[in-house]
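Trainee: FYI, in our numbering the residues of the sequence shown are 76 to 596. Okay, handing you the structure first.
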Amino acid sequence: MEHHIWNSVSFGSPQQVILINDKFPGPEINSTSNNNLVINVFNNLDEPFLLTWSGVQQRKNSWQEGMLGTNCPIPPGTNHTYHFQVKDQIGSFLYYPSTALHKASGAFGGLHINSRLLIPVPYPDPEDDYTVIVNDWYTKSHKALRDLLDSGRTIGRPDGVLINGKNAKGDGKDEPLFTMKPEKTYKYRICNAGLKTSINFRIQGHPMKLIEMEGSHVMQNVYESLDVHVGQCLSVLVTANQVPKDYYMVASTRFLKTVVTGKGIIRYTNGKGPASLELPEAPVGWAWSLNQFRSFRWNLTASAARPNPQGSYHYGSINITRTIKLVNSASGAGGKLRYAINGVSHTNPETPLKLAEYYGIAEKVFKYDTIPDHPPAKTGEIVTQPNVLNMTFRNFVEIIFENPEKSMQSWHLDGYSFFTVAVEPGTWTPEKRNHYNLLDAVSRTTVQVFPKSWAAIFLTFDNAGMWNLRSELWERTYLGQQLYMSVLSPARSLRDEYNMPDNALLCGLVKDMPKPQPYSV
């Protein structure tokens with residue numbers, strides 16, 4: 076399977092948008108489990124550029140992760156080809172730019188992994204499959220937003236919300252984003268590709284049956300609306316069983332004092348009449364959202380969309396070998412805004428961490444275990460440096476995300492799915508393990524943490540490579556709220572990790588070094 080992707084800047088009035096193949100959002104990448112994807116990215120911007128494949132477990136292959144800690148950026152006017160295989164995560168994901176603030180202007184799209192015909196899914200085939208990408212939007216360009224962050228300020232609150240790059244005006248002239256035939260059922264894949272804002276999504280007069288979240292089938296509960304936090308994707312089934320006319324899809328910001336709303340039209344093929352101007356109301360407060368999270372359960376009887384960590388179907392009975400507690404923090408010391416994890420604010424060295432490790436010069440570029448597993452009682456001043464944790468290959472690890480701030484947090488780990496066993500208010504203590512869900516927590520790739528709350532995840536670090544763990548709130552990522560997990564296989568074997576690809580971009584200290592001896596079987 077091959078996709079050619081170009082990115083360019085379109086100067087419209089009044090917005091500047093980064094297009095992929097002349098589209099905003101970019102084209103959907105449709106694949107099937109076990110497909111090998113070949114994605115050629117032509118960078119027609121005037122800045123270095125990278126795409127990352129958020130949530131797609133690239134087994135043994137962090138070379139294709141598309142983050143500045145693993146890859147050199149694609150220089151302007153050149154191209155680079157990604158090669159990776161999608162495995163048994165049957166579901167909905169995103170691709171988006173990981174460089175600068177490019178994500179603010181677009182260059183994102185849906186990435187779907189479909190089931191092979193031999194593997195049944197736990198619902199009938201829908202009439203059609205629709206992708207809904209929601210994002211907060213800023214009227215400033217990505218360069219202006221980056222300049223704000225570089226000058227020590229924040230990008231502030233969004234100016235609007237878009238659904239598939241548009242916001243219906245409601246004047247009766249809006250073209251529909253999607254059409255539905257009467258009495259047919261449709262699959263909607265809903266993703267939040269925004270910079271920093273949680274979104275509540277709902278459809279006028281149409282309940283939604285939740286079926287999948289980031290590669291896992293879930294128990295099929297019905298919801299009037301769903302909170303989708305930054306970086307998250309989920310799939311629902313919607314049946315066209317209402318009066319045939321137009322209906323609004325509604326996406327509104329959550330946890331902000333001023334609510335911003337975006338709309339899109341769904342039209343029945345035999346519809347007569349405009350959508351009602353009376354929009355369904357959004358929920359209020361984050362306690363509602365927390366209760367909704369507690370209703371999400373893994374579908375233990377489905378035969379597909381299983382996570383990759385082997386033997387983890389009974390994750391609740393595996394002994395924890397290490398507990399890591401990560402506390403996010405912010406600092407404006409010296410008039411410079413920075414975000415940190417356990418007191419360390421990550422910076423990307425000129426030589427990507429993965430390349431430095433592979434070429435045997437890690438000590439010249441970064442230090443391992445720059446943060447303790449448990450932060451000190453007071454984090455004190457923020458230290459700015461590359462932030463790398465050394466993980467023991469195949470260990471089963473508990474990670475606690477603690478959010479002492481008054482704002483929402485959303486975390487993502489590349490290369491893995493993990494079991495979100497708890498999200499609760501307050502601070503974490505070991506006694507809280509007594510209330511973990513050790514049976515049917517959903518295996519996914521992102522987890523939200525509510526204000527002054529914590530979340531706990533379990534996973535097996537069995538995927539060798541250098542993998543990025545980051546806040547999905549991009550101004551926080553850009554200003555240091557990320558780290559890398561170094562997962563080295565002692566065997567240095569192709570059974571555990573692929574060799575550096577022949578077309579790998581080289582930069583920094585390794586640019587003119589001879590290539591290391593490749594791994595053998």
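Every residue, glycine too, gets a C-beta built ideally from N, C-alpha and C. Keep in mind the model is a prediction, meaning the values are calculated, not measured.
Can you tell me where the beta strand (DSSP E) with residue 477 in it begins and where it stops?
Mentor: First-last of the beta strand (DSSP E) with residue 477: 471 to 478.
Trainee: Just the Cα atoms here: how many angstroms apart are residue 341 and residue 308?
Mentor: Rounded to whole angstroms, residue 341 to residue 308 spans 20 Å at the Cα level.
Trainee: When DSSP labels each residue in this structure, what does residue 305 get in the three-state scheme?
Mentor: Coil at residue 305, not helix or strand.
Trainee: Using the Cα positions of residue 382 and residue 291, report the straight-line distance between them to the nearest angstrom.
Mentor: Residue placement at residue 382 cannot be trusted, given a pLDDT of 48 that sits under 50; what the coordinates show is reported in the next sentence. About 7 Å.
Trainee: Taking its Cβ as the centre, do 16 or more other Cβ atoms sit within 10 Å of residue 217, making it buried, or is it exposed?
Mentor: Classification of residue 217: buried, given that the 10 Å Cβ count is 16 or more.
Trainee: Across the stretch 268 to 276 and the stretch 325 to 342, are there enough close Cβ pairs to call them in contact, namely three or more that are closer than 8 Å?
Mentor: Enough Cβ pairs lie closer than 8 Å, so yes.
Trainee: Distance, Cα to Cα, residue 502 vs residue 253?
Mentor: Whole-angstrom Cα-Cα distance: 44 Å.
Trainee: Roughly how many whole angstroms lie between the Cα atoms of residue 359 and residue 195?
Mentor: Their Cα atoms are separated by approximately 38 Å.
Trainee: Please classify residue 543 as buried or exposed, where buried requires at least 16 neighbouring CB atoms within 10 angstroms.
Mentor: Buried, since its Cβ has 16 or more Cβ neighbours within 10 Å.
Trainee: Just verifying my parser: in three-state terms, what is the DSSP assignment at residue 362?
Mentor: Residue 362 falls in the helix class under three-state DSSP.
Trainee: Expressed to the nearest angstrom, what Euclidean distance is found between the alpha-carbon atoms of residue 421 and residue 447?
Mentor: The straight-line gap from Cα to Cα measures roughly 14 Å.
Trainee: Measure the alpha-carbon distance for residue 214 versus residue 366 and round it to whole angstroms.
Mentor: Roughly 34 Å between the two C-alpha positions.
Trainee: Could you check what DSSP says for residue 492 in three-state terms: helix, strand or coil?
Mentor: Coil, per DSSP.
Trainee: What whole-angstrom Cβ distance do residue 278 and residue 239 have, given they're in contact under 8 Å?
Mentor: Not really, about 14 Å apart at Cβ, beyond 8 Å.
Trainee: Spell out the partners DSSP gives residue 166 in its beta bridges.
Mentor: Beta-bridge pairing links residue 166 to 188.
Trainee: Tell me whether residue 585 sits in a helix, a strand or coil according to DSSP, three-state version.
Mentor: In this structure, residue 585 counts as helix in the three-state DSSP scheme.
Trainee: Pairing CB atoms from the stretch 526 to 535 with CB atoms from the stretch 479 to 497, are three or more of them under 8 Å?
Mentor: Touching, yes, given that three or more Cβ pairs across the two stretches are closer than 8 Å.
Trainee: Hey, residue 265 and residue 184: beta-carbon distance below 9 Å or not?
Mentor: No. Outside cutoff.
Trainee: Within the chosen definition, does the stretch 516 to 523 reach the stretch 558 to 577 through at least 3 CB pairs nearer than 8 Å?
Mentor: No, the stretch 516 to 523 does not touch the stretch 558 to 577.
Trainee: When the Cα atoms are used, what is the spatial distance from residue 432 to residue 488?
Mentor: Taking the straight line from one Cα to the other gives about 20 Å.
Trainee: Could you check where the beta strand (DSSP E) with residue 342 kicks off and where it finishes?
Mentor: Looking at the DSSP string, the run of the beta strand (DSSP E) that includes residue 342 is 336 to 343.
Trainee: From the DSSP output, in three-state form, read off residue 434 for me.
Mentor: In the structure shown, residue 434 sits in coil (DSSP, three-state: anything other than H, G, I, E or B).
Trainee: Look up residue 138 in the DSSP assignment and say whether it is helix, strand or coil.
Mentor: Note: residue 138 maps to helix in three-state DSSP.
Trainee: Would you mind stating whether residue 312 and residue 294 have Cβ atoms separated by less than 9 Å?
Mentor: No, the pair does not count as a contact, with Cβ atoms beyond the cut-off.
Trainee: Nearest to residue 192 by alpha carbon, out of 244, 511, 163, 224?
Mentor: The candidate whose alpha carbon is nearest that of residue 192 is 163.
Trainee: Quick one: Cα of residue 150 to Cα of residue 144, how far?
Mentor: Cα to Cα, the separation comes out at about 16 Å.
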